[in-house]
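Engineer: Going by the numbering used here, the first residue of the sequence shown is number 10, and it counts up by one from there. Mind looking over this structure? Questions follow.
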Amino acid sequence: MGLLLFVLPLLLACGARNGRVAAGADVVAADSSLVSPHYAEGFKVRCQADGVRLVDIVDPQHSADDEGALSTQTCHVALVPRGVEAVVPEGYTVVNVPIEHCILMTTLQLSGFIALDALDYVSGMTSTKSLKNADVRKRIDDGRIVKIGIEGNFDSELVMAARPDVIFISPFKRGGYEVLTESGITLIPHLGYKENSALGQAEWIKFIGMFVGMERQANEYFAQVEQQYNKVKAMADSVSVRPTVMSGEMHGGQWYAVGGRNSLAQMFRDAGADYVLHDNAETGGVTLDFEEHYARAANADFWRILNAYDGDFSYDALLQSDARNADFNAFRKHQVVYCNMKQTAYYELAPMHPDQLLEDFVFAFHPSLLPKDYQPHFYQLLK
Numbered sequence: 010m011g012l013l014l015f016v017l018p019l020l021l022a023c024g025a026r027n028g029r030v031a032a033g034a035d036v037v038a039a040d041s042s043l044v045s046p047h048y049a050e051g052f053k054v055r056c057q058a059d060g061v062r063l064v065d066i067v068d069p070q071h072s073a074d075d076e077g078a079l080s081t082q083t084c085h086v087a088l089v090p091r092g093v094e095a096v097v098p099e100g101y102t103v104v105n106v107p108i109e110h111c112i113l114m115t116t117l118q119l120s121g122f123i124a125l126d127a128l129d130y131v132s133g134m135t136s137t138k139s140l141k142n143a144d145v146r147k148r149i150d151d152g153r154i155v156k157i158g159i160e161g162n163f164d165s166e167l168v169m170a171a172r173p174d175v176i177f178i179s180p181f182k183r184g185g186y187e188v189l190t191e192s193g194i195t196l197i198p199h200l201g202y203k204e205n206s207a208l209g210q211a212e213w214i215k216f217i218g219m220f221v222g223m224e225r226q227a228n229e230y231f232a233q234v235e236q237q238y239n240k241v242k243a244m245a246d247s248v249s250v251r252p253t254v255m256s257g258e259m260h261g262g263q264w265y266a267v268g269g270r271n272s273l274a275q276m277f278r279d280a281g282a283d284y285v286l287h288d289n290a291e292t293g294g295v296t297l298d299f300e301e302h303y304a305r306a307a308n309a310d311f312w313r314i315l316n317a318y319d320g321d322f323s324y325d326a327l328l329q330s331d332a333r334n335a336d337f338n339a340f341r342k343h344q345v346v347y348c349n350m351k352q353t354a355y356y357e358l359a360p361m362h363p364d365q366l367l368e369d370f371v372f373a374f375h376p377s378l379l380p381k382d383y384q385p386h387f388y389q390l391l392k
C-alpha cells in the first residue's frame, strides 16, 4: 500500500492529456538557454522547434519508499504556448502556458512565486498558519487566494472555487490527494524540497518560470543568486581552519538531524565548516539516540538549530528542553547558530535565497570574511 500512496499521485499527474492543441498564433522557437537546469536534478527540459517545452520530472533523491522499493517514476509534461498548434510525444500531459491560476501545496513552492513577483497566478493554498508575507495574507483575506484545507483533508468545493489550471503537489510527502485527482485538474509534482544542494533547490524557480511565462526573469534571478553564492563559497574555501558543526535537537527521545548528503550538510561545507555526520549517506533527515549523537557531536564547535519557538529562544530554553544539552561544547562556548521560524519568514524566502543563508553561516563560522556590520538574514548566533 505504501508504494501505491507514493507513486499514484505521480502517475496521475502525468495522465494522458497528450496530443494536438488548438491552432492559433505563429510559433516562436523556444530559447533552450532559459530553461536549462545546471544544479537541479529533479527536472530536465527539451525544447521543440515549435516552442513546446518537454519537461521530465523525477525524484532527485531516487528515494526508497516505506516498503523499500525504489521510486523511479517520471512525470512527463508538455508546456504548449496558448494558441499554438502542436503535436507532443506520447505519454506527455499537455499544459497550456502561461497558466492563469494554480494551487500550491507548500511554502517552498510559494517562495518561487514570491521571488518572481508572480502571486497573481496563485489562487489556492493549503494551510497558512505560519505565513508571514503581508501580500499573500491580504490576498487570502480578500479571497484572491483560497485556503483549500490541509494534506489529507482537502475541500473539493474550495479546490474548484480556486479555478486552477494545475495543482503543484509534493507526492512524496503526506499526500491525501484523492480529492484532487477526482477534480480532474492536472497535478504537477514540484520536488524542489528533495534537491541535494541549495542551488539545486533554488533553481526550481526556472521550473515555475516556465509555467507562468517568466522564463527570462527566473533565469536572471537565479543567475544573480548563483553568482553571489559562489562568490561567498570561494571566500570560505580559502580558510585554513574549518570548525565542526552539529545540527538538530532532541524530540520524543530521539535526536533529529540531517543526513550527510542533505543540502544543509553541503551548505555547511560551502561555508567552510565540517559537519559531524559528514560520512552519513542519507539525503533527508536522520534520527539518533542521544548517546549516539553525543559520541559524534560532543566537541563540535557550532550547533545549528531551526525551530518554531514561542517567544525568544535562549540557552536556558535549551537546558529546560534537555539538561544534557549543557554537555555539548557548542553550548558551553555559546556558539549556537539559530533561526526562529515564528519570527522569520524562513520557508517563504530562504529556498530562493541560498546565497543569504550561506552568508549567515559564513558570518557565524568565519566572521572576519564578511563586513563587521553584516546583518544576518535568517541565522545568527544565539545570545
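Quick reminder that beta carbons are idealized off the backbone N, C-alpha and C, glycines included.
Spatial neighbours of D246 within its chain, please: C-beta separation below 6 Å, excluding the five flanking residues on both sides.
Structural biologist: The residue labelled residue 246 in the question sits at position 237 within the sequence shown. Once the five neighbours on either side are set aside, D246 has no close Cβ partner at all.
Engineer: Starting from I178, follow its DSSP beta bridges and name the residues at the other end.
Structural biologist: On the sequence shown, residue 178 is found 169 positions in, with the first residue counted as 1. Partner(s): P198.
Engineer: What residue from I66, F177, W213 has the CA that sits closest to L125's CA?
Structural biologist: Here the question's residue 125 lines up with position 116 in the sequence shown. Among I66, F177, W213, the Cα nearest to that of L125 is on W213.
Engineer: Which first and last residues belong to the alpha helix (DSSP H) in which D150 is found?
Structural biologist: Reading the sequence shown from its first residue, position 141 is the one you call residue 150. It spans 143-150 - the alpha helix (DSSP H) in which D150 sits, taken as one unbroken run.
Engineer: Does the beta-carbon of P180 have 16 or more other beta-carbons within 10 angstroms, so that it is buried, or is it exposed?
Structural biologist: Taking the first residue of the sequence shown as position 1, residue 180 is located at position 171. When all chains shown are included, P180 counts as buried.
Engineer: Taking the straight line between their C-alpha atoms, what separation do you get for M255 and G201?
Structural biologist: Sequence index remark: in the sequence shown, residue 255 carries index 246 (1-based). Sequence index remark: in the sequence shown, residue 201 carries index 192 (1-based). Roughly 24 Å separates the two Cα atoms.
Engineer: DSSP three-state label for V241, please.
Structural biologist: Position 232 of the sequence shown, counting from 1, holds the residue named residue 241. DSSP places V241 in helix when its eight states are reduced to three.
Engineer: Just the Cα atoms here: how many angstroms apart are D68 and F52?
Structural biologist: As a first step, residue 68 is located in the sequence shown; it is residue number 59 there, counting from the start. As a first step, residue 52 is located in the sequence shown; it is residue number 43 there, counting from the start. Spanning the two alpha carbons is a distance of roughly 9 Å.
Engineer: Could you tell me how far apart the beta carbons of V104 and L88 are, in whole angstroms, since I believe they sit closer than 8 Å?
Structural biologist: The residue labelled residue 104 in the question sits at position 95 within the sequence shown. The residue labelled residue 88 in the question sits at position 79 within the sequence shown. That belief holds up - the Cβ atoms of V104 and L88 are roughly 6 Å apart, short of 8 Å.
Engineer: Roughly how many whole angstroms lie between the Cα atoms of L390 and G320?
Structural biologist: As a position in the sequence shown, residue 390 is number 381, starting the count at 1. As a position in the sequence shown, residue 320 is number 311, starting the count at 1. When rounded, the distance between both Cα atoms is 17 Å.
Engineer: Exposed or buried, what is N308 when buried is set at 16 or more other beta-carbons lying within 10 Å of its beta-carbon?
Structural biologist: Counted from its first residue, the sequence shown places residue 308 at position 299. Looking at its Cβ environment, which holds fewer than 16 other Cβ atoms inside 10 Å, N308 is exposed.
Engineer: For H47, which of L196, D288, L208 has the nearest alpha-carbon?
Structural biologist: Here residue 47 corresponds to residue number 38 of the sequence shown, with the count starting at 1. Measuring from the Cα of H47, the nearest candidate turns out to be L208.
Engineer: Pairing CB atoms from the segment 254-270 with CB atoms from the segment 283-297, are three or more of them under 8 Å?
Structural biologist: Contact holds: three or more Cβ-Cβ distances are below 8 Å.
Engineer: Whole angstroms are fine: how far does the CA of I197 sit from the CA of E94?
Structural biologist: Taking the sequence shown and counting its residues from 1, the one referred to as residue 94 is at position 85. Taking the sequence shown and counting its residues from 1, the one referred to as residue 197 is at position 188. Taking the straight line from one Cα to the other gives about 22 Å.
Engineer: Is the segment 155-173 close to the segment 239-253, with three or more CB pairs under 8 Å?
Structural biologist: Flag = no, the segment 155-173 and the segment 239-253 do not touch.
Engineer: So the candidates are Y388, N334, E224; which of them puts its Cα closest to the Cα of Y324?
Structural biologist: Translated into positions along the sequence shown, residue 324 becomes position 315. With distances taken between Cα atoms, Y324 lies closest to N334.
Engineer: Could you check how far apart the C-beta atoms of V346 and W312 are, in whole angstroms? I think they sit under 8 Å.
Structural biologist: Residue numbering aside, residue 346 sits at position 337 when the sequence shown is read from its first letter. Residue numbering aside, residue 312 sits at position 303 when the sequence shown is read from its first letter. Yes, they are in contact, since the Cβ atoms of V346 and W312 sit about 7 Å apart, within 8 Å.
Engineer: Using a Cβ-Cβ cut-off of 6 Å (strictly less than) and excluding sequence neighbours within five positions of P107, which residues of its own chain qualify?
Structural biologist: Residue mapping note: residue 107 aligns to position 98 of the sequence shown, counting from 1. The residues are V221, G222.
Engineer: Residues in its own chain within less than 7 Å of G269 by CB, not counting five upstream and five downstream?
Structural biologist: Walking along the sequence shown from the start, residue 269 turns up at place 260. Correct list, in chain order: Y284, L286, H287, D288, N289, A290, E291.
Engineer: Looking only at its chain, what residues have a beta carbon closer than 6 Å to the beta carbon of I66, apart from the 5 residues adjacent to it on each side?
Structural biologist: On the sequence shown, residue 66 is found 57 positions in, with the first residue counted as 1. Only F52, C84, P198 meet the Cβ criterion.
Engineer: CB-CB under 6 Å to G218, same chain, minus the five flanking residues each way: which ones, in chain order?
Structural biologist: By 1-based counting over the sequence shown, the position of residue 218 is 209. Closer than 6 Å at the Cβ level, and outside the excluded window around G218, lie E224, A227.
Engineer: According to DSSP, G294 sits in a beta bridge with which residue or residues?
Structural biologist: Translated into the one-based positions of the sequence shown, residue 294 becomes position 285. Answer by DSSP bridge pairing, in chain order: V267.
Engineer: Just tell me which of V250, N162, D129 has its CA closest to the CA of I149.
Structural biologist: As a working note, residue 149 is residue 140 in the sequence shown. Residue D129 is the option with its Cα nearest to I149.
Engineer: How long is the line joining the alpha carbons of H386 and D369, rounded to whole angstroms?
Structural biologist: Taking the first residue of the sequence shown as position 1, residue 386 is located at position 377. Taking the first residue of the sequence shown as position 1, residue 369 is located at position 360. Straight-line Cα distance between these residues: approximately 7 Å.
Engineer: By the three-class DSSP mapping on this structure, what secondary structure does E258 have?
Structural biologist: Mapped onto the sequence shown, residue 258 falls at position 249. Three-state DSSP puts E258 in a strand.
Engineer: Run through the DSSP bridge pairs and tell me what D68 is partnered with.
Structural biologist: Taking the sequence shown and counting its residues from 1, one reaches residue 68 at position 59. The partner list for D68 (beta bridge, DSSP) is empty, contrary to what the question assumes.
Engineer: Candidates A373, S45, K351, M244: which alpha carbon is nearest K138's?
Structural biologist: If you number the sequence shown from 1, residue 138 lands on position 129. Checked all of A373, S45, K351, M244; the closest Cα to K138 is K351.
Engineer: Which parts of the segment 73-128 are runs of the alpha helix (DSSP H), unbroken and 4 residues or longer, counting only runs that do not cross its ends?
Structural biologist: The segment 73-128 contains these whole alpha helix (DSSP H) runs: 116-124.
Engineer: Short of 6 Å in beta carbon distance, which residues of its chain neighbour L315, apart from the five on each side in sequence? Order them along the chain.
Structural biologist: Residue numbering aside, residue 315 sits at position 306 when the sequence shown is read from its first letter. Around L315: C348.
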